[in-house]
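According to my numbering, the stretch in the sequence shown is residues 1232 to 1419, in order. Quick notes on the structure that follows.
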Amino acid sequence: MGELDEERIRSRCGASNWQHFLRTASTAAHLAESAGLDVEKARLAGLLHDYARSEPRERLVEMAEERGIAVNEVERQTPYLLHGPVGASLVEEELNVHDEELLQAIRYHTIGRPGMSPLEKIVYLADMIEPARSFPGVEEIRAAAARSLDEAFKLAYRRSLEHLLESGKPLHPATVDVWNWLNAERKR
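In structure tokens form, the structure reads like this:
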């Protein structure tokens, strides 16, 4: 893991989440290898993706505002959506990581954004399909990931969107933007 302080990462994530961090890192590395991308960067982004996930809900809003991260109404209603942007900021501050591609992958692993890079898609997918995940459709997404990063990402994003709609949860404005971008990409 290089010069990063593993104990600091473990203490921030909490013991119960550490195995998820490791599984996501391993899955991200595997996806990167299959796609011919930087395996170590993907592993590190996967390891750090939930760096702020264990912060209390109300604290995530405060931490975002303290760091100049804009907080919209959906994020105020569902503060865990801020753990990506806050986590990226904390990784930079506390671990002295300044690789913007890696930070973007952490920042956007929950909601996404139009124009996502391959690394951003990998971390989003790895978090969703790591071996302990179990939900309807996960095996289909895993099979797609073995064929195509883009195919798997679109399938995963669709499943996330369906879950949000089925559960009646509010949609983040960026979710619609990402879905429209994915569909525009398909038509090209």
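Using N, Cα and C, we set each Cβ at its ideal position, and we do this for glycine too. Since this is a predicted model, take the numbers as computed values, not measurements.
1) Give me the Cα-Cα distance between L1334 and M1359, rounded to the nearest whole angstrom.
2) Distance check for L1396 and L1386, CA to CA, integer angstroms please.
3) Can you give me the start and stop residues for the alpha helix (DSSP H) that E1304 sits inside?
4) Which stretch, first to last residue, makes up the alpha helix (DSSP H) that contains N1327?
5) Return helix, strand or coil for F1252, following the three-state DSSP convention.
6) If you reduce the DSSP assignment to three classes, tell me which class T1341 lands in.
7) Thinking C-alpha only, which one of A1383, E1286, P1345 and G1368 is nearest A1357?
8) Looking at L1291 and L1350, is the spacing between their C-beta atoms short of 8 angstroms?
9) Output the distance between the C-alpha atoms of M1232 and A1256, rounded to the nearest integer angstrom.
The short version:
1) If you draw a straight line from the Cα of L1334 to the Cα of M1359, it comes to about 18 angstroms.
2) Each residue's alpha carbon lies about 15 angstroms from the other.
3) Where E1304 is concerned, the enclosing alpha helix (DSSP H) stretches over E1304 to Q1308.
4) Per DSSP, N1327 lies in no alpha helix (DSSP H) and is assigned neither H nor E.
5) For F1252, the three-state secondary structure derived from DSSP is helix.
6) Looking at T1341 - three-state DSSP - the assignment turns out to be coil, as it is neither helix nor strand.
7) Ranking A1383, E1286, P1345 and G1368 by Cα distance to A1357 puts A1383 first.
8) No Cβ-Cβ contact shorter than 8 angstroms links L1350 with L1291.
9) Note on M1232: pLDDT 39, under 50, position unreliable in the model; no value is reported.
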